[in-house]
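Trainee: Please see the structure below; I have some questions.
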Amino acid sequence: MDHPISDLHVHCGLKGYASEGYPGFEDFTIWDYYPIKEAELKKLNFMLREAIKDTAKDSQAHLDHCVESQLCAPFLAIYPVERQMFALDPQKPFKNIFKLLLRGKQHAYLGAAVAGFPLERVQKIQARVKGTRDEGVDYYREFRKERDYLLRQTATSSKKYPDLKFRIASNYEEFTRYLADKKTICGLFTVEGTHSFGHYLFNSTFKKEFEDLDPTEREVLETSFIRNITEVKTENHSRETPFFVTFCHHYNNLLAGHARSFSDKSSFLPGINKPGMRHLFNQEPGRNRGFTSLGLQVLDLLLDRTKGRRILIDTKHMSVATRKTFYQIIKQKRTQENDHIPIIHSHAAVSGWLSLDEAAQYEETTKLDKKQFFSRWQINLTNEDILEIFDSDGIIGMVLHEGRIPGGGFKKAVAKLKKKLRKTVVGSIRHMQLDRELKDMYLKLVWSNIFHIIKVVQEERYTTGTPANAWKMIALGSDYDGLVDPMDTFPGVNDFMDLKQELIDYLKAGKEVFFSDNGIARPLRSEEIKALLFGRSPEEITADIFYRNTDRFLYRFFTDAYLSVRPQ
Numbered sequence: 048m049d050h051p052i053s054d055l056h057v058h059c060g061l062k063g064y065a066s067e068g069y070p071g072f073e074d075f076t077i078w079d080y081y082p083i084k085e086a087e088l089k090k091l092n093f094m095l096r097e098a099i100k101d102t103a104k105d106s107q108a109h110l111d112h113c114v115e116s117q118l119c120a121p122f123l124a125i126y127p128v129e130r131q132m133f134a135l136d137p138q139k140p141f142k143n144i145f146k147l148l149l150r151g152k153q154h155a156y157l158g159a160a161v162a163g164f165p166l167e168r169v170q171k172i173q174a175r176v177k178g179t180r181d182e183g184v185d186y187y188r189e190f191r192k193e194r195d196y197l198l199r200q201t202a203t204s205s206k207k208y209p210d211l212k213f214r215i216a217s218n219y220e221e222f223t224r225y226l227a228d229k230k231t232i233c234g235l236f237t238v239e240g241t242h243s244f245g246h247y248l249f250n251s252t253f254k255k256e257f258e259d260l261d262p263t264e265r266e267v268l269e270t271s272f273i274r275n276i277t278e279v280k281t282e283n284h285s286r287e288t289p290f291f292v293t294f295c296h297h298y299n300n301l302l303a304g305h306a307r308s309f310s311d312k313s314s315f316l317p318g319i320n321k322p323g324m325r326h327l328f329n330q331e332p333g334r335n336r337g338f339t340s341l342g343l344q345v346l347d348l349l350l351d352r353t354k355g356r357r358i359l360i361d362t363k364h365m366s367v368a369t370r371k372t373f374y375q376i377i378k379q380k381r382t383q384e385n386d387h388i389p390i391i392h393s394h395a396a397v398s399g400w401l402s403l404d405e406a407a408q409y410e411e412t413t414k415l416d417k418k419q420f421f422s423r424w425q426i427n428l429t430n431e432d433i434l435e436i437f438d439s440d441g442i443i444g445m446v447l448h449e450g451r452i453p454g455g456g457f458k459k460a461v462a463k464l465k466k467k468l469r470k471t472v473v474g475s476i477r478h479m480q481l482d483r484e485l486k487d488m489y490l491k492l493v494w495s496n497i498f499h500i501i502k503v504v505q506e507e508r509y510t511t512g513t514p515a516n517a518w519k520m521i522a523l524g525s526d527y528d529g530l531v532d533p534m535d536t537f538p539g540v541n542d543f544m545d546l547k548q549e550l551i552d553y554l555k556a557g558k559e560v561f562f563s564d565n566g567i568a569r570p571l572r573s574e575e576i577k578a579l580l581f582g583r584s585p586e587e588i589t590a591d592i593f594y595r596n597t598d599r600f601l602y603r604f605f606t607d608a609y610l611s612v613r614p615q
């Protein structure tokens, strides 16, 4: 692999782990393609199919695809799927109609179609959360099962590329050694959601605030987090300790508040709206709150180097309130304790708001993003977030999620273009023209997010009297195979080489790039773009984004010397 690519946030093993041991998957490994659940998808009624039509349903990031794009350094996000993803809890104004539509096996078909999991697995999970059953879940057990699956997969090989190997590195020295032969995909363990280390005694626990738990619930939860995190930080000489954990995810973890992540309703026909993902799944408990007392205790333990190997924190999915407190803690450790902790935001898009306080003023709705190029939802990075990450020597992974990056104006324009494209004959001149136009729209979106970050840092930070250069803090963080709506022209990790070259060509052609002026998209002048390049070529900055910035970050922070207490 002569032109390596890294990805800060990708789920290469999720579908494989979920399918292991089920009929029809006896010979499947992490290398193999997992197809769409066509049978389950076809059994869904029309309205449910509409609600999930843009979500990727087949595998995007299996290792054969990684080989084809030279994605040799995937950060393997372990994700014990939250029970709320399978609980029947539709929301207003579509609550009653969804209860009607999800009768019988429709609920199971929906879970299998969206997640790409075997129907039998989905039905087993749903049986634990259905009706009056209140069994709870030990996520740590599921975390270990998925982690052990990934470890076992290092003994497998590709049917298509038998000379290639898969390994998992525990530090930067191993990482560079594995990649030296250019025939190895080297993964790193990360975790999506700190819930992965907890034992939640009841399913009803997720609808409560931490402060309202009964004594038994609270004791089980607190004890499990402390015990399990300590174990994962110390066992096997810390060789399998995750590099970082995304502290929050889609739902209430009783540790810290999360931001809204699921789509709102959108126009279907004049006067008629179709539901978004938020109307299928209930994100309300815990949303937008800050840290709980247990959350602060867990955060301290994760970062503590005297109680095992440090696990860094990924701020993606944190609420505004949680991020504000986290930044204060990190800044205090840096300035008062001389403990330098980088802030990671593994799969990001920008909102363009100047501050977190400003972002918090607006509820995340379709109306907020109407006619907008950038999505201004709270989950996306404000200028304040960007500067905090820069000040910490942190890193930002750019997400490739069409449902999360753009605002409503961009989505509407893309939808019109896709409609025209579907009416053309594949291979015709008109089809190629429209396909080129669609591809350029996505490239513009990616570059606009990136250049906004560079511009914010250049205007607000200085190094030895000159504007600061933020090109070393940006990487790729696709979130592929993580229930995303990918860009149509770059739908899988096997498209990353094409994406990289297309980004280079787009910039060299002098095509339009935007930045966000406090939430409003405005074009950058050509001389501004030139200045923001800091004298570097498109080839150089894309090489940094797609691999070298990640390598630099690992060189500094993925070491035993940094992550563990040095012997006296």
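In our numbering, the protein residues as written are 48 to 615. Here a beta-carbon is modelled for each residue, glycine too, at the ideal position from N, C-alpha and C.
(1) Quick one: which unbroken beta strand (DSSP E) runs of 3-plus residues sit fully inside the stretch 361–418? Chain order, please.
(2) Which residue's Cα is closest to the Cα of L91: E115, F122, G151 and N143?
(3) How is C59 classed by DSSP in three states: helix, strand or coil?
(4) Measure how close the beta-carbons of A356 and S285 come, nearest whole angstrom, since I'm counting them as under 8 Å.
(5) What span of residues does the beta strand (DSSP E) with P538 cover, start to end?
(6) On a CA-only basis, which of V345, R451 and K459 is nearest Y527? Give me that one, please.
(7) In this structure, how does DSSP classify C113 when only helix, strand and coil are distinguished?
(8) Measuring CB to CB, does T201 end up less than 7 Å from V161?
(9) My understanding is that F562 touches W518, with C-beta atoms under 8 Å, so please give their C-beta distance in whole angstroms.
(10) Considering K463, what are the terminal residues of the alpha helix (DSSP H) in which it resides?
(11) Suppose contacts are defined by Cβ-Cβ distances below 7 Å. Is G455 in contact with F420 by that definition?
(12) Closer than 8 Å by C-beta to L579: which residues in its own chain qualify, once you throw out the five before and the five after it? Chain order, please.
(13) Tell me whether N596 is buried or exposed, calling it buried when 16 or more other Cβ atoms sit within 10 Å of its Cβ.
(14) Scan the stretch 318–352 and note each continuous beta strand (DSSP E) run of 3 residues or more that stays entirely inside, going in chain order.
(15) Quickly, what does DSSP pair V292 with across the bridge? List them, please.
(16) Return the CA-CA distance between I436 and P70, expressed in angstroms with no decimal places.
(17) Determine the DSSP secondary structure at P514, reduced to helix, strand or coil.
(18) Below 8 Å, can you find three or more Cβ-Cβ pairs linking the stretch 75–85 to the stretch 126–141?
(19) Could you give the distance in angstroms between the alpha-carbon of D361 and the alpha-carbon of R477?
(20) Using alpha carbons as the reference points, say which of Y247, T589 and S525 lies closest to Y553.
(21) For the candidate residues N299, F222 and F213, whose alpha-carbon lies nearest to that of N250?
(22) For S329 and T252, what's the separation of their Cα atoms in angstroms?
(23) Can you give me the C-alpha to C-alpha distance between G63 and Q375, rounded to a whole angstrom?
(24) Quick one: any contact between the stretch 223–239 and the stretch 117–126, if contact means 3 or more CB pairs under 8 Å?
(25) I need the straight-line Cα distance from D598 to L110, nearest angstrom please.
(26) For P209, which residues does DSSP report across the bridge?
(27) Our contact map puts P261 next to K230 with C-beta atoms below 8 Å; I'd like the distance itself, whole angstroms only.
(28) Suppose contacts are defined by Cβ-Cβ distances below 7 Å. Is I592 in contact with I521 by that definition?
(29) For S243, write down the residues that DSSP places opposite it in a beta bridge.
(30) Which same chain residues end up closer than 6 Å to K547 when comparing Cβ atoms and leaving out the 5 residues on each side of it in sequence?
(31) Could you compute how far the alpha carbon of T277 sits from the alpha carbon of I215?
(32) Ends of the alpha helix (DSSP H) at G158?
(33) With H, G and I counted as helix, E and B as strand and the rest as coil, what does DSSP make of P570?
(34) When you compare each of K171, S310, H305 and G245 to T270 by their alpha carbons, which one comes out closest?
(35) For F294 and L346, I'd like the C-alpha separation in whole angstroms.
(36) Can you look up R214 in the DSSP assignment and give me helix, strand or coil?
Mentor: So, to answer that:
(1) 391–395
(2) G151
(3) coil
(4) Before going further, note that residue 356 is Arg rather than Ala in the sequence given. Right, the Cβ-Cβ distance comes to about 4 Å (below 8 Å), so this counts as a contact.
(5) Premise fails: P538 is in no beta strand (DSSP E) and is neither H nor E.
(6) R451
(7) helix
(8) no
(9) With a Cβ gap of about 15 Å, F562 and W518 do not count as contacting.
(10) G455 to R469
(11) no
(12) F498, I501, K502, Q505 and L571
(13) buried
(14) 319–321
(15) V238 and I360
(16) 46 Å
(17) strand
(18) no
(19) 44 Å
(20) T589
(21) N299
(22) Reading the sequence as shown, one finds Asn at residue 329 and not Ser. Spanning the two alpha carbons is a distance of roughly 14 Å.
(23) 39 Å
(24) yes
(25) 20 Å
(26) According to DSSP, P209 bridges with nothing at all.
(27) Before going on, a small fix: residue 261 reads as Asp here, not Pro. No, D261 and K230 are not in contact; Cβ-Cβ is about 55 Å, not under 8 Å.
(28) yes
(29) Paired residues: none, contrary to the question.
(30) T589 and F593
(31) 21 Å
(32) Q153 to A162
(33) strand
(34) G245
(35) 8 Å
(36) strand
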